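This report refers to the structure that appears directly beneath it.
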Amino acid sequence: MTYNLTEDQETLRKTIGRFANEKVSPLAEEIEHSGDYPDELIGMMNELGIMGLPYEEKYGGGGADLLTMSIAMEELAKVCANTAMVPITQELGAMPIVVMGNEEQKEKYLSKIATGEYRIAFALTEPDAGSDVASMKSTAVRDGDNYILNGAKRFISYADVADVFSFFAKTDISQGNNGISSFIVERNTPGITIGKKENKMGFKGFSSCEVFFDNVVVPKANLLGEEGDGFKIAMETLDKTRPLVAICGVGLAQGALDYAIDYSKTRTQFGKPISRFQGLQWMMADMAMQIEASRQLVYKAATVVDRNETKSSMLGAMSKCFATDVAMKVTTDALQIVGGSGYMKEYPTERYFRQAKLLQIVEGTNQIQRVVIAGQLLK
Ligand SMILES: Cc1cc2nc3c(=O)[nH]c(=O)nc-3n(C[C@H](O)[C@H](O)[C@H](O)COP(=O)(O)OP(=O)(O)OC[C@H]3O[C@@H](n4cnc5c(N)ncnc54)[C@H](O)[C@@H]3O)c2cc1C
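Note that the working numbering gives residue 444 to position 364 of the sequence shown, counting from 1, and the numbers run on in steps of one.
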């Protein structure tokens with residue numbers, strides 16, 4: 081399948097690319113090191129419709145499909161992956177409502193998420209339940225028309241700025257996957273505490289926090305689907321959002337390669353620009369090939385998700401695993417091309433390299449992606 085992007089998609093790519101280069105790029109280094117993401121840029125992304133891009137128009141969103149969203153996110157990730165992570169993580173948090181919310185829930189929450197009024201975080205991971213989601217210990221106990229939630233979550237992106245959480249807990253602790261349920265929980269509900277903000281290796285532009293739920297009372301109306309649907313909701317969410325982590329890897333890798341190419345033309349050793357050395361030229365050719373292969377796989381995965389085809393789980397996992405492994409390899413090679421300077425914090429190659437590492441871990445490690453792919457192959 082070839083991907084001929086529509087005129088609208090090309091226009092969007094150019095618009096987001098211009099915004100990324102003019103407004104985001106000058107702040108990328110500061111965002112990475114300061115540990116905070118500027119509200120001002122989020123305001124601009126809201127105005128440009130980037131935050132609302134993937135949500136249905138009836139909720140005030142842009143109605144973009146996953147392929148279009150991917151095209152837009154690559155442009156942001158090329159210059160500042162922290163910025164791409166703002167709408168990507170927002171979509172991760174919102175996706176449980178998109179896939180399983182009833183009309184009332186969608187109207188109430190998606191309309192505020194699409195317009196940027198609400199930030200939402202996805203609260204699945206726990207200290208003892210990372211890859212093994214079914215071993216989660218958080219509980220949800222029915223009490224009349226309410227549920228009482230208890231538990232501890234960790235590594236939750238943007239938890240400290242979230243207005244709402246997609247929260248997962250066991251309604252039946254005797255069950256594994258089938259005992260998990262999913263809830264929409266408003267941040268201002270009594271009993272929620274934000275714990276430690278992690279000191280990360282990279283991607284400091286977004287926060288990762290512990291969140292504690294201590295006898296948090298939510299109305300039954302905030303249960304997504306039925307009791308026991310939580311695992312299915314989480315997996316369907318990840319199937320639909322993994323291509324976005326993948327495209328973030330493509331953007332990072334492309335940004336790193338572009339930088340390395342420019343640098344190689346200006347750095348002189350042995351009396352000529354280092355770009356003239358065939359050893360580096362072949363590295364660059366390999367990097368470009370791997371990036372293009374990643375991009376095409378992400379486009380394919382996004383298209384399969386957009387068409388609701390049965391292979392979306394496998395292709396989502398393939399795209400995430402392949403593109404983020406490529407991002408790690410390409411950013412390592414880009415740093416190598418820039419030499420000793422590439423290792424210094426003044427040079428973006430150091431940032432790209434640290435950021436690529438995280439993409440191999442989040443939304444399921446790349447080992448887990450291989451588990452998903454093999455599971456589908458052997459079904
Ligand atoms: C910065 C950051 C942001 C995050 N944001 C969020 C968020 O917003 N919301 C959220 O819910 N979670 C979030 N996470 C959690 C993330 O999804 C988990 O870290 C990830 O799923 C891995 O879980 P773990 O860290 O507990 O590792 P573990 O599951 O303990 O894995 C440790 C190692 O064992 C390997 N392993 C485990 N099981 C298998 C297996 N069956 N076969 C082969 N190898 C295996 C893993 O691949 C890994 O190498 C975030 C994590 C980070 C670091």
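Every residue, glycine too, gets a C-beta built ideally from N, C-alpha and C. Note that the structure is predicted; figures quoted are calculated from it, not measured.
Within the same chain, show all residues whose beta-carbon is closer than 8 angstroms to that of residue i, passing over the 5 residues directly before and after it, in chain order.
i: M81; result: Low confidence applies here, because M81 scores a pLDDT of 46, under 50, leaving its location unreliable; read the following figure in that light. Closer than 8 angstroms at the Cβ level, and outside the excluded window around M81, lie K380, T383.
i: T269; result: V296, V297, V298
Let me check one thing: in DSSP terms, what residues is residue i bridge-paired to?
i: Y227; result: R222, V298
i: A249; result: S261
i: C401; result: Beta-bridge pairing links C401 to no other residue.
i: T95; result: Bridge partners of T95: none, in fact.
i: T163; result: None, per the DSSP bridge assignment.
i: E87; result: Paired residue(s): none; E87 is not in a bridge.
i: E266; result: V244
i: F433; result: Its beta-bridge partners do not exist; DSSP assigns none.
i: F293; result: G231, I272
i: Q349; result: K352
i: I236; result: C289
Please name the residue in the options whose C-alpha comes closest to that of residue i.
i: G275; options: G224, T251, E206, R222; result: E206
i: K284; options: G115, T273, K250, I417; result: G115
i: E183; options: G196, V166, E136; result: E136
i: A373; options: T412, S392, I354, V406; result: V406
i: T91; options: P118, K250, I151; result: I151
i: L439; options: T390, D413, A326; result: A326
i: M408; options: G331, F350, T390, R387; result: G331
i: L133; options: A194, E278, P118; result: A194
i: A340; options: L360, V241, L172; result: L360
Which same chain residues, not among the five before or five after residue i, have their C-beta less than 6 angstroms away from its C-beta?
i: V104; result: V159, C160, T163
i: D294; result: G271
i: V221; result: I228
i: F235; result: T205, S288
i: V452; result: A397
i: K277; result: S287, C289
Given a threshold of 16 other Cβ atoms within 10 Å of its Cβ, counted over all protein chains shown, does residue i qualify as buried or as exposed?
i: G420; result: exposed
i: D88; result: exposed
i: V442; result: buried
i: N302; result: buried
i: S215; result: exposed
i: P106; result: exposed
i: K400; result: buried
i: S254; result: exposed
i: K352; result: exposed
i: D119; result: exposed
i: G455; result: exposed
i: A365; result: exposed
By Cβ distance, which residues of its chain are closer than 7 angstroms to residue i, with the 5 residues on each side in sequence left out?
i: K188; result: none
i: T412; result: F433
Cβ of residue i versus every heavy atom of ligand 2: is any distance shorter than 7 angstroms?
i: E316; result: In the structure shown, ligand 2 is absent; the only ligands present are ligand 1.
Point to revise | Unbroken stretches of the alpha helix (DSSP H), 4 residues or longer, contained in the stretch 103-143 | key: 108-114, 119-128
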